[in-house]
Structure formats: structure tokens, C-alpha cells
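Count the sequence shown with the working numbering and you get residues 1 to 340, in order.
To keep things clear, I will list the structure first and then write my remarks on it.
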Amino acid sequence: MIVVLKQGASEQQREDLIEWIKSLGLDVHLSIGKMQTVLGLIGDTGSIDTELIEGLAIVESVMRVTEQFKKANRKFHSDDSVFEISGAGGSGPKKIGDGNFMMIAGPCSVESEEQICAIAESVKASGAQMLRGGAYKPRTSPYDFQGMRDEGIGLLLKAKKLTGLPIVTEIMDLSHLEHFCEVDVIQVGARNMQNMELLKQLGRTNKPILLKRGLSSTLKELLLSAEYIMAGGNEQVILCERGIRTFETATRNTCDIGAVPVLKELSHLPVIVDPSHACGIARYVRPLTLAAVAAGADGIIVEVHNNPEKAMCDGPQSLKPEEFAELVKAVERVRAAVNS
Ligand code: PEP
Ligand code: MN
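Below is the structure:
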């Protein structure tokens with residue numbers, strides 16, 4: 001249930017109302033926006049008398065929210081959420097959301113210190129604001145390279161120190177969480193989008209979570225997974241469309257660009273697109289990236305490798321550093337056109 005307060009409501013009146021609602025056994029999500037203050041009531045609101053609340057002097061309107069996702073719902077928080085992500089050194093925090101666009105780039109997997117540091121320096125020089133790199137890799141075959149694991153995280157931290165770029169890397173199991181202390185953004189991959197226990201634990205951390213859409217998940221399921229994290233107290237969730245399984249076989253997955261406006265309408269959380277895993281072929285990464293930007297995405301996460309032919313994972317979909325540099329310029333042109 002949503003309770004919209006009148007503009008003149010004082011802080012004391014608001015706090016009294018919140019206290020009373022809590023005494024009824026409900027949780028209250030307070031959102032003080034640019035235009036209005038909204039109380040989101042969470043819990044069993046079935047027995048609440050809406051007319052009674054509507055009649056209160058400080059209340060403008062009351063609405064029942066039928067969707068199961070509450071904290072992720074735009075009705076609970078009308079302004080776009082903005083998260084600040086800090087890297088190393090004095091590079092200052094980078095923002096994502098509400099017009100703050102973030103370019104995230106790096107290899108599928110961390111392979112060596114030379115590889116991750118060289119890629120980090122080159123994508124930074126081209127304009128990336130965050131470095132990606134897989135340490136724990138969810139490979140389809142158990143006989144494929146499984147990632148450098150905690151050693152890979154150590155190398156990502158070296159690249160972070162070298163460039164100042166914040167880092168994002170995937171967690172596959174709760175038992176690895178201790179290795180993520182200095183990781184800036186924790187990624188939950190497509191295969192773990194509905195690992196509810198993992199989501200609940202990440203809800204108890206204070207790090208932004210990059211949540212990828214499951215291979216066969218609906219947008220509602222993605223939002224409910226975000227809700228699992230948010231319900232635990234961590235409201236910093238970045239949603240990521242990374243392509244879904246369809247009958248089409250021409251590309252690795254089918255990039256659902258429509259997910260961007262739909263998610264942005266339903267939720268206040270930042271929405272990014274991963275064109276690399278969505279198509280699986282490097283030459284399609286640029287058109288999909290530009291389409292995502294035009295559709296209103298808050299960022300892009302793209303795979304870049306300094307030697308794609310020799311990459312240990314996902315070489316065919318990886319851009320070369322010079323292709324990434326060109327892509328960043330094209331993204332800026334599309335953003336300028338869309339915002340003009
Ligand atoms: C990745 O980003 O490295 C990855 C494995 O992505 P996804 O979970 O989307 O397949
Ligand atoms: Mn990959």
C-alpha cells in the first residue's frame with residue numbers, strides 16, 4: 001500500500017504516522033522525493049482501513065499496490081535511484097542512475113596480472129568508469145576454465161589500485177563472500193538470479209549488487225529477485241538485461257531491448273544492458289549497445305579483451321580495445337541525440 005503525504009506535512013506528523021503504522025505490524029519504506037513524500041507499507045495490509053488513513057489531515061492519497069515487488073517498485077519511489085560507486089585513490093565516486101550513465105568494460109575472465117592490468121588501463125583511457133572481470137566463472141562444462149577464483153580477485157584489486165577504477169565481479173557461492181570485501185560491486189550472474197539464499201545474504205551487505213536477468217526469467221521474476229536483496233536492507237541493486245533464451249539461434253541469446261523501458265517504468269532501479277552475452281558475436285555488440293542507449297539504459301557492461309583470439313573464455317564476443325574506444329564515442333553521440 002502507498003500513502004502519499006501532503007506537501008505541508010511536518011516531520012513530526014510524518015514520524016507519528018510511521019510509528020502508528022509500525023505498531024500495526026507493518027514495515028514502512030519512506031521515500032522523500034523531489035515532488036512528493038511517499039510511505040510504502042510492506043506486510044499484510046489486508047486489514048488496513050484505507051478510508052481511515054485517507055481521512056488523516058496529512059494524507060493526500062492512498063493506493064493499494066498489487067505487484068509483489070514493493071521496494072523495487074517505482075510506485076514506492078517515484079524518482080530514479082542513484083548509486084555512488086567508489087574505486088581506488090582520489091578518483092572520486094562514480095554515479096549510476098537518473099541520467100548518470102556508466103560504461104563498464106573488461107574481459108570475461110581474469111587470466112593474468114599483465115592481461116587484466118593492460119585491459120584496465122586501456123578501457124580507462126577510452127572512458128570506462130568501471131572494470132569488469134570474472135574470477136569465479138559459471139562455465140557450462142566442468143572441463144572448461146573455471147576462473148582464477150580468489151587469485152583472480154587479487155589481480156582485479158591490483159588493476160583497481162593501478163587505475164583507480166572500481167571493480168565488478170561475479171559471486172557464485174556464499175562461501176566466497178569473504179573474498180569480496182574490497183570488491184566495489186558484486187555481480188549475481190544469470191544462472192544465480194533465483195538463488196534466493198544468495199540474494200538474501202547479499203541483502204545484508206552494503207555493496208551495490210549487479211543483478212543479471214536469468215536465461216529464462218521474466219521481468220517480474222527479475223524484479224522479485226531484486227526485492228529479495230532489497231528486503232534484507234540493501235537497496236542498491238542494478239538490473240541487467242543480458243539476453244534471454246528464445247527459439248532464435250542466430251545469436252547466443254536474444255537481446256530484449258524492450259526490457260529497458262519496461263523495467264524503468266516498473267522500477268526506480270538503474271537498468272543496464274550486457275550486449276556481449278546477449279549476442280555472443282563481437283560485430284553485433286556495437287549495434288546492440290547503441291540500441292540499448294537509445295532505449296534509455298543507464299549503462300552498458302561489455303566484454304573487452306586485448307587478444308580475443310587467445311581469450312580463455314568468450315573471445316568471439318569480446319571487443320578489441322580500439323573497438324571499445326570507438327564504441328564509447330558512438331555511445332556519447334547517441335546519448336547526445338536522445339537527450340537533445
Ligand atoms: C559474465 O558476465 O561473465 C557472465 C557469466 O554473465 P551471465 O551471468 O549473464 O551469463
Ligand atoms: Mn563472458
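Cβ coordinates follow ideal geometry from the N, Cα and C atoms, glycine included.
Residue i CB to nearest heavy atom of ligand 1 below 6 Å
| i | result |
| --- | --- |
| residue 311 | no |
| residue 233 | no |
| residue 189 | yes |
| residue 134 | yes |
| residue 176 | no |
| residue 179 | no |
| residue 305 | no |
| residue 242 | yes |
| residue 77 | no |
| residue 277 | yes |
| residue 212 | yes |
Beta-carbon separation (whole angstroms), residue i vs residue j, contact threshold 8 Å
| i | j | result |
| --- | --- | --- |
| residue 164 | residue 110 | Actually they do not touch by this definition, with Cβ atoms about 18 Å apart. |
| residue 238 | residue 270 | 5 Å |
| residue 17 | residue 58 | 7 Å |
| residue 203 | residue 231 | 6 Å |
| residue 4 | residue 53 | Wrong, their Cβ atoms sit about 11 Å apart, outside the cutoff. |
| residue 74 | residue 268 | 5 Å |
| residue 275 | residue 302 | 6 Å |
| residue 103 | residue 258 | About 22 Å; that fails the 8 Å criterion. |
| residue 133 | residue 106 | 5 Å |
| residue 225 | residue 199 | 6 Å |
Three-state class that DSSP yields for residue i in the structure shown
| i | result |
| --- | --- |
| residue 110 | coil |
| residue 241 | strand |
| residue 126 | helix |
| residue 339 | helix |
| residue 212 | strand |
| residue 193 | coil |
| residue 204 | coil |
| residue 183 | coil |
| residue 300 | strand |
| residue 118 | helix |
| residue 88 | coil |
| residue 230 | helix |
| residue 37 | strand |
| residue 252 | coil |
| residue 333 | helix |
| residue 315 | helix |
| residue 325 | helix |
| residue 83 | strand |
| residue 139 | coil |
| residue 131 | strand |
Any non-hydrogen atom of ligand 2 closer than 6 Å to residue i Cβ
| i | result |
| --- | --- |
| residue 108 | yes |
| residue 314 | yes |
Bounding residues of the beta strand (DSSP E) (the contiguous stretch that carries residue i)
| i | result |
| --- | --- |
| residue 248 | Looking at the DSSP string, residue 248 is not in any beta strand (DSSP E), and its letter there is neither H nor E. |
| residue 61 | 59 to 63 |
| residue 293 | From DSSP, residue 293 is part of no beta strand (DSSP E) but of the alpha helix (DSSP H) over 282 to 294. |
| residue 15 | Not the beta strand (DSSP E): residue 15 falls in the alpha helix (DSSP H), residues 11 to 23. |
| residue 3 | 2 to 5 |
| residue 96 | 94 to 96 |
| residue 31 | 27 to 32 |
is_contact[residue i, chain C] using C-beta, thresh 7 Å
| i | result |
| --- | --- |
| residue 296 | Note that chain C does not occur in the displayed structure, where there is just one protein chain. |
Where the alpha helix (DSSP H) containing residue i begins and where it ends
| i | result |
| --- | --- |
| residue 277 | 275 to 279 |
| residue 163 | 149 to 163 |
| residue 170 | That residue, residue 170, is in no alpha helix (DSSP H); its beta strand (DSSP E) goes 167 to 171. |
| residue 264 | 259 to 266 |
| residue 53 | 50 to 54 |
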